[in-house]
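Data first, discussion second: the structure below is written as structure tokens.
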Amino acid sequence: MRYSKEIDDLSVQQFNYKAGDAVCCLHKTNKVERAFDGPFLIKKRVTELNFVLQLDSQGKECLVHHNKLKPYCGNQLPSWILRAQKHL
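Last residue of the sequence shown: 88 in UniProt numbering, with the numbers rising by one and none dropped.
Here it is as structure tokens:
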């Protein structure tokens, strides 16, 4: 079967993330490990598709493409995210 951009694009979900949103981030994993880590905080939007995430309370950051993110849907956010959201 030949690769088709149209078929691949059907599975892509675009969310409108903004600074202050809590997200989970996909990482490479073995079959047994969970694929998403988080929650992390979106610090800023670099381009339409790239975001800077704050990974911990010490301010460690990384640049991530939108297709590696999904909205955080937990009930309670860590206190460091709540404090950081107030400063954005």
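Just so it is clear, CB atoms sit at the ideal spot from N, CA and C, and this is done for glycine as well.
Exercise. Could you spell out the range, first to last residue, of the beta strand (DSSP E) harbouring arginine 45?
Key: 36-45
Quiz item: Using 8 Å as the Cβ pair cut-off and three pairs as the minimum, do the region 22-29 and the region 65-73 touch?
Solution: yes
Practice problem: Determine the direct distance from the alpha carbon of serine 4 to that of leucine 88, and round the result to whole angstroms. | Solution: 40 Å
Practice problem: Count the other C-beta atoms from every protein chain shown that fall within 10 angstroms of the C-beta of alanine 22, then say buried if there are 16 or more, exposed otherwise. | Solution: buried
Quiz prompt | Buried or exposed (CB count within 10 angstroms, at least 16 for buried), residue 112 | solution = Residue 112 falls outside the range modelled here, since the chain spans only 1 to 88, and no answer is possible.
Self-check item: Extent of the continuous beta strand (DSSP E) run through glutamine 85
Solution: Glutamine 85 -> not in any beta strand (DSSP E); alpha helix (DSSP H) instead, spanning 79-87.
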